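Everything on this sheet refers to the single structure shown next.
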Amino acid sequence: MAFVHVLSSSDDEDFAIDINRRPNNVRRRPVHFCELDDVDFHARFRLSKECITEVLEAIESEISHPTERNNAISPMNQLLLTLRFYATGSHLISAGDFSGVSKTSAHRIVHRVTNAIARLRPRFIKFPTLADEIRTEQIKFFNIARFPRVVGCIDCTHVKIQSFGN
313 MAFVHVLSSS DDEDFAIDIN RRPNNVRRRP VHFCELDDVD FHARFRLSKE
363 CITEVLEAIE SEISHPTERN NAISPMNQLL LTLRFYATGS HLISAGDFSG
413 VSKTSAHRIV HRVTNAIARL RPRFIKFPTL ADEIRTEQIK FFNIARFPRV
463 VGCIDCTHVK IQSFGN
């Protein structure tokens with residue numbers, strides 16, 4: 313029985329676990345919203361502070377944590393991290409480093425904030441549905457840029473829409 317005790321000594325296991333464990337690194341999280349002026353802020357996030365405030369008000373209840381325990385990431389920092397990820401098209405680790413969070417946390421945040429923003433779609437993205445509305449929008453786009461039969465655009469990107477008629 314003593315032999316089994318020697319082989320299963322918990323002292324050795326605790327020591328081995330402590331050696332392989334990384335230290336918990338709590339990073340300082342920058343407050344980009346307050347630290348950057350309007351020009352630098354727009355250059356980094358591609359949106360104005362006013363626009364970001366409006367988006368935050370719309371999704372804050374969905375992305376905020378119920379408690380500040382464990383150094384919770386504020387809704388503003390979650391939104392800014394996600395927008396930085398969108399703006400740069402970079403890797404999650406870069407967006408996380410910019411915001412002072414790990415790659416894993418950055419992934420969770422981008423996923424959660426993206427879903428919250430996507431749920432705002434019916435409120436902000438509308439396409440004409442009636443024939444008169446469609447024709448009016450086509451005329452407006454043609455007058456602006458000489459594009460025929462266009463009914464909408466998103467972020468200056470042309471989106472091919474399957475024709476319902478001809």
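Numbering-wise (my numbering), the sequence shown opens with residue 313 and increments by one. Glycine included, C-beta positions come from ideal geometry on N, C-alpha and C. For clarity, every value in this text was computed on a predicted model and none was experimentally measured.
Original post:
Which term fits residue 423, buried or exposed, when burial requires 16 or more other beta carbons within 10 angstroms of its beta carbon?
Top reply: For the purposes of this step, residue 423 is taken as residue 111 along the sequence shown, with counting starting at 1. Of the residues assessed, residue 423 falls on the exposed side of the cut-off, its CB having fewer than 16 other CB atoms within 10 angstroms.
Subject >> Start and end residues, alpha helix (DSSP H) containing residue 450 >> reply: By one-based count along the sequence shown, residue 450 stands at place 138. Per DSSP, residue 450 belongs to the alpha helix (DSSP H) from 443-457.
Subject >> Where residue 438 sits in the DSSP three-state scheme >> reply: Start at 1 with the first residue of the sequence shown, and residue 438 comes out as number 126. Assigned with DSSP and collapsed to three states, residue 438 falls in coil, not helix or strand.
**OP:** For residue 432, count neighbouring Cβ atoms within 10 angstroms of its own Cβ and tell me buried if that reaches 16, exposed if not.
**Re:** Within the sequence shown, the letter at position 120 stands for residue 432. A residue is called buried once 16 or more other Cβ atoms fall within 10 Å of its Cβ, and residue 432, having fewer, is exposed.
**OP:** Determine the DSSP secondary structure at residue 390, reduced to helix, strand or coil.
**Re:** Translated into the one-based positions of the sequence shown, residue 390 becomes position 78. The answer is helix: DSSP assigns residue 390 an H, G or I state.
**OP:** Quick one: give me the first and last residue of the alpha helix (DSSP H) that residue 476 is part of.
**Re:** On the sequence shown, residue 476 is found 164 positions in, with the first residue counted as 1. Neither: residue 476 is in no alpha helix (DSSP H) and is coded neither H nor E.
Original post:
So, helix, strand or coil for residue 422, using DSSP?
Top reply: Stepping through the sequence shown from its first residue, residue 422 is reached at position 110. Helix, per DSSP.
Original post:
Leaving out five residues before and five after residue 407 in sequence, what residues of the same chain have Cβ atoms less than 6 angstroms from its Cβ?
Top reply: For this step, residue 407 is matched to residue 95 along the sequence shown. The answer, listed in chain order, is 393, 396, 397 and 418.
Subject >> residue 461 - DSSP class collapsed to helix/strand/coil >> reply: The residue labelled residue 461 in the question sits at position 149 within the sequence shown. Reduced to three states, the DSSP call for residue 461 is coil.
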